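Chains as they are written, first to last, in the working numbering: chain A, 140 to 605; chain B, 140 to 605.
Below you'll find the structure, written out as structure tokens, and then a few comments.
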């Protein structure tokens, strides 16, 4: 009855300028935020063999939410990641972020990080030597995701690098990630100078043994609980990890002290972690990967299990289509720039860190991290709206990760390719920005939308199955 | 012009039931949230000698906001707090929270904590002995606030207790607070069993020397910056100190490790702090006291410089009237109860921790701490509204402490007695709840409004000056 008592008002669907011109003339109008579906949308409800897609997607969300990622240990990549060696005649395997790519199409920061990794591995002495080796065919490149691993930005993992081992205790799935180096001139942003290599060696020879020993003494670290707490402390666990880093340091510090014979070493490790508010990012990423692995390859499931970028291509994988990548050119990021840098310095979007959004964190949890706008731009209201919009394209709401400001509503989780195509709403990410040239490093941080092309390609791929 | 184009609508001022009945009959009405002033309100704008009160209040807010509280060291209360000894013939001075009170009127938890302190000091062996001594006149009682100190809940400080020394580097004012014991059966909630005394001894003989040595090695800790960060991490620095505790542990851990010869001791200290998410509370309180001290005794200033409760009386001090206390009976707290306890177990509101609200934190910063409702009750929207309401009765907005969710608006700071009387809006606090009987401990946590009586009494006191 309330509806019929209201005065008549025009309703404008879509383009806001029509609405604006009515309002400017004193007309009380209603604006409906609507976009046409991306091209070639059709309803997909059941597979030809009768699988209910909504049910398959609900199962994916259940598996993701029920994941129990635990940091169980650490090891050297080449020793602990199954199959981490060249499959062909190459001398070495190096994994990178995003979908598959060869040296010739790699972006500047990925090339820079490969150069740094080859120097770090002792296979080259100069950047030129390293670039020559990388181009020679003697280095095999593969996505981290092909090995259950994830790497932020360039995402380079080479065999000598220490990795966190994160096990999903609900399913047994295991994921891996390197230790976070900090911001600025670091390998993952494409820098490869002597200070970068020195830091990587220190991380291998001092940080890693101390953390591994602390885990041996203190036992596994429950990352699911830590992420849930960090989300209540202003982190979104992608570009804001101040709380996660603090909670991790708190959790590890007593055992670290007990396990480390030299006080100076323990103090140096604590100072390194304390000095890097992004230290927890790689743990958050590995935890998300471990939670998403059980959602892969569910028949009929249109939920995205991987979103990842190599700085040239943006790629996604969808549960029902398994290992197949759907790619599109990586877009540029709208961001805030470090002093001395501008948009013209930026490489396109890069990194496996979009695994956080894939699992319901990062841009999807922005409403819980209003302070992040100081790092990536925008306003706290934008942050709130980003999360609210993501509920339009996700298959469920997280049962472990919630946002106090939304009355403890679960974060949007499980991007449904169908919903992206139907609504035209694209996943929102927040991310760091690397310099386009090898050897420079970080230039900023910002916000970006996934390119429509990946989802259009995936939707075509899904339609072919039906 | 927009105003005159609107249809005519009734405006209801005050009692909401009139508004509700119009709406239920389909009338589009406007409700104005308004309360009559508390009794005997008059406009106070200038003192008889021509001081502009708004300017005096702005000066108070400036001094508060410009404070730079720094943890500069630690010491034993009787050795480092100036004048911390009995002024009369008594054998010992014990300070308590809130306005002045003698043994005969002390509430259960304060009596319990006094009993515990006398056992801890070795002046009594049994609770009965201690109670007899406390009643004998051989113990002098005084408010912590009379010594620049603050104590949560019962707030007991006895001469052997270690205290943090917090200096306001902008002015040189110094404030003190004990180390936080944790939750549950602890002295400040009125418990005095052997485990309470053992913990206090450990805190004196192990925790304190280790932290003091860490401060000597690592240097002062900037509490202003730490509080500002914690407010962006979901703390309000009164009943939620998870981020502050994490940041403090991060800051102190490396130097603690370097300064502590025995690894087991360093690990035990880190475990104790990690095990108590409220460890930072006492630092937050001392920081607030150090920031508020320079706002005391400004001629013509109607800003509240102390809000404190002893569990029997609620008291405030106002800048212009200096050391004078204005008191009213302490109200009961609306809260959440620990298992096995109910409202009938609760003591009235108690503790110096209202210094956080006095300085613009706690209930005044609740909008930045939506997750706190799990601890103190209510909803995240209530938390938001609590902060918004406090802007109605404060003289300014904090320039150092801000709330991301309110687009980084400064927290409301500097309660203006005039505004409280004019609007009838009372300061909102969140707080722990002690059992009414000595020897029990914590029974819950919740939300409470300051009693009007303190502000009415203060307003009368101010009027007498004009």
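Note that CB positions come from ideal geometry on N, CA and C, so glycine has one too.
Computed from a prediction, not measured in an experiment: that's the story for all the values here.
Can you name the start and end residues of the beta strand (DSSP E) that residue i belongs to?
i	result
residue 193(B)	Per DSSP, residue 193(B) belongs to no beta strand (DSSP E); it is in the alpha helix (DSSP H), 192–205.
residue 208(B)	208–215
residue 370(B)	Element bounds for residue 370(B): not the beta strand (DSSP E) but the alpha helix (DSSP H), 362–370.
residue 162(B)	Residue 162(B) -> not in any beta strand (DSSP E); alpha helix (DSSP H) instead, spanning 155–163.
residue 317(A)	313–317
residue 421(A)	That residue, residue 421(A), is in no beta strand (DSSP E); its alpha helix (DSSP H) goes 420–431.
residue 305(A)	301–307
Kindly examine the ligand SAM and report whether one of its heavy atoms sits closer than 7 Å to the Cβ of residue i.
i	result
residue 190(A)	Ligands displayed in this structure: none; no statement on the ligand SAM is therefore possible.
On the DSSP bridge list, what partners appear for residue i?
i	result
residue 412(A)	Answer is none; residue 412(A) lacks a bridge partner.
residue 555(A)	442(A)
residue 585(B)	474(B) and 570(B)
residue 549(B)	541(B)
residue 449(A)	489(A)
residue 282(B)	235(B)
residue 465(A)	455(A)
residue 533(A)	554(A)
residue 152(A)	171(A)
Suppose you measure from the CA of residue i to the CA of residue j; what does that come to, to the nearest Å?
i	j	result
residue 185(B)	residue 438(B)	11 Å
residue 168(B)	residue 146(B)	11 Å
residue 545(A)	residue 519(B)	8 Å
residue 602(A)	residue 365(A)	39 Å
residue 514(B)	residue 413(A)	28 Å
residue 143(B)	residue 149(A)	21 Å
residue 303(B)	residue 289(B)	11 Å
residue 209(A)	residue 307(A)	6 Å
residue 384(A)	residue 318(A)	12 Å
residue 606(B)	residue 367(A)	The requested residue 606(B) does not occur in the structure, where chain B is confined to residues 140 to 605.
residue 369(A)	residue 423(A)	10 Å
residue 535(B)	residue 587(B)	22 Å
residue 430(A)	residue 593(A)	22 Å
residue 575(B)	residue 212(A)	48 Å
residue 134(B)	residue 264(B)	The structure shown does not extend to residue 134(B), since chain B is modelled only from 140 to 605, so the question has no answer here.
residue 165(A)	residue 155(A)	16 Å
Have a look at the options and flag the residue whose alpha-carbon is nearest the alpha-carbon of residue i.
i	options	result
residue 495(A)	342(A), 300(A), 258(A) and 540(A)	540(A)
residue 114(B)	339(B), 538(B), 150(B) and 386(B)	Chain B is shown only over 140 to 605; residue 114(B) falls outside these bounds and no answer can be derived.
residue 305(B)	266(B), 360(B) and 344(B)	360(B)
residue 316(A)	235(A), 252(A), 407(A) and 522(A)	235(A)
residue 418(B)	485(B), 483(B) and 391(B)	391(B)
residue 226(B)	265(B), 523(B), 281(B) and 196(B)	281(B)
residue 348(B)	587(B), 415(B), 400(B) and 245(B)	400(B)
residue 374(B)	508(B), 476(B), 278(B) and 524(B)	508(B)
residue 327(B)	441(B), 248(B), 337(B) and 271(B)	248(B)
residue 435(A)	253(A), 393(A), 197(A) and 563(A)	197(A)
residue 570(A)	485(A), 563(A) and 604(A)	485(A)
residue 591(A)	251(A), 211(A) and 560(A)	560(A)
residue 471(A)	453(A), 477(A), 463(A) and 479(A)	453(A)
residue 580(A)	478(A), 552(A) and 589(A)	478(A)
residue 589(A)	572(A), 604(A), 565(A) and 480(A)	565(A)
Could you work out which residues of chain B lie near residue i, taking near to mean beta carbons separated by less than 7 Å?
i	result
residue 381(A)	372
residue 165(A)	144
residue 544(A)	509, 519 and 544
Taking residue i as part of the alpha helix (DSSP H), name the residues at either end of that continuous run.
i	result
residue 172(B)	That residue, residue 172(B), is in no alpha helix (DSSP H); it is neither H nor E in DSSP.
residue 330(A)	Premise fails: residue 330(A) is in no alpha helix (DSSP H) and is neither H nor E.
residue 384(A)	381–398
residue 497(B)	494–497
residue 256(B)	247–259
residue 187(B)	Counting along the chain, residue 187(B) falls outside any alpha helix (DSSP H), and DSSP gives it neither H nor E.
residue 514(B)	512–515
residue 436(B)	Element bounds for residue 436(B): n/a, residue is neither H nor E.
Taking Cβ-Cβ distances shorter than 7 Å, what residues in chain A pair up with residue i?
i	result
residue 396(B)	396, 402, 405, 406 and 409
residue 606(B)	For residue 606(B) there is no data in the structure shown, the boundaries of chain B being 140 and 605.
At 9 Å on the CB atoms, spell out the chain B contacts of residue i, in chain order.
i	result
residue 236(A)	Going along chain B, no residue has its Cβ under 9 Å from residue 236(A), so there is no contact; the nearest lies around 29 Å.
residue 389(A)	384, 385, 388, 389, 392, 409, 412 and 413
Name the chain A residues whose beta carbon is nearer than 9 Å to that of residue i?
i	result
residue 548(B)	Those do not exist, as residue 548(B) stays about 10 Å from chain A at its closest Cβ, beyond 9 Å.
residue 468(B)	Ordered by position in chain A, no residue passes the 9 Å Cβ test against residue 468(B), which lies about 34 Å from the chain.
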